[in-house]
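Heads up, the sequence shown is in our numbering, so the first residue is 1 and it goes up one at a time.
Before any comments, here is the structure.
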Amino acid sequence: MHLDCYCCKTHPLKPTKLDYALPALRCEACQGTYLDLLTYRTWLENNLANIEQEKMAQENTGDKTVAIDALTNSEGALICQRCSKFMLKYRINNEQDNTINVCHTCDDVWLDQGEWELLKLLKIQDKLTQVMGEPWQQELRNQEREQAFKKRYQQLLGEDFEQVEAFATWLHNHPKKSEIQHYLSAFKPIA
1 MHLDCYCCKT
11 HPLKPTKLDY
21 ALPALRCEAC
31 QGTYLDLLTY
41 RTWLENNLAN
51 IEQEKMAQEN
61 TGDKTVAIDA
71 LTNSEGALIC
81 QRCSKFMLKY
91 RINNEQDNTI
101 NVCHTCDDVW
111 LDQGEWELLK
121 LLKIQDKLTQ
131 VMGEPWQQEL
141 RNQEREQAFK
151 KRYQQLLGED
161 FEQVEAFATW
171 LHNHPKKSEI
181 QHYLSAFKPI
191 A
């Protein structure tokens, strides 16, 4: 199958192998990678034990030195080179701007330069299909809302925020939480 780069659009994709001989196609110009999800799922089934061992070894040694020489993220919408439809973008997490580009018609993924290495660094190279699922994306939206809520109150409360947060954590874990909340809502200082 001949495909041109999803990003550059002019360079042909060449066969390559990712970890544990995962077949993919790569653009030599931008280093983006095309991945067929059917192939990925089969590869995952056959290599899950190896991936888990690699992740445990990384945790046990504390090795977080997966080098990402260059990490790019395609800004605009990409067009699937197989069916000419727009690809959907799925956020990986809330710390990086990188997104995974997916064509649900063809069941294909486009990873920009360094994104496979990023997935490995985050230890989610075996969760590619979950990343594009609604539960994963909903959790990211929930985290984003929580971060915005916290940031708003940090701005409102200023230097008192840490003390309020410590109290809120203490209260949340207290066995008589509801009684304390009731007391606080009815509390009237003695003049």
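C-beta: ideal position from N, C-alpha, C; glycine also.
Query	Result
Supposed close pair residue 80, residue 105 - CB separation, criterion 8 angstroms	7 angstroms
Residue from 26, 164 and 132 whose Cα sits closest to the Cα of residue 87	132
Residue burial classification, residue 26 (beta-carbon count within 10 angstroms, cutoff 16)	buried
Residues that residue 101 bridges to, as DSSP identifies them	89 and 110
Length of the line joining the Cα atoms of residue 146 and residue 175	24 angstroms
Pairwise C-alpha distance: residue 71 and residue 110	14 angstroms
Cβ-Cβ distance between residue 22 and residue 13 below 8 angstroms	no
Integer Cβ distance of residue 98 from residue 75, believed to fall under 8 angstroms	Wrong, their Cβ atoms sit about 11 angstroms apart, outside the cutoff.
Residue 125, buried or exposed, once every other Cβ within 10 Å from all chains shown has been counted against 16	buried
Burial state of residue 83 (16 or more Cβ within 10 Å)	exposed
Contact belief for residue 130 with residue 136 at Cβ below 8 angstroms, rounded distance in angstroms	5 angstroms
Reference residue 48, options 11, 139 and 19, closest by Cα	19
Residue 26 - partner residues in DSSP beta bridges	14 and 33
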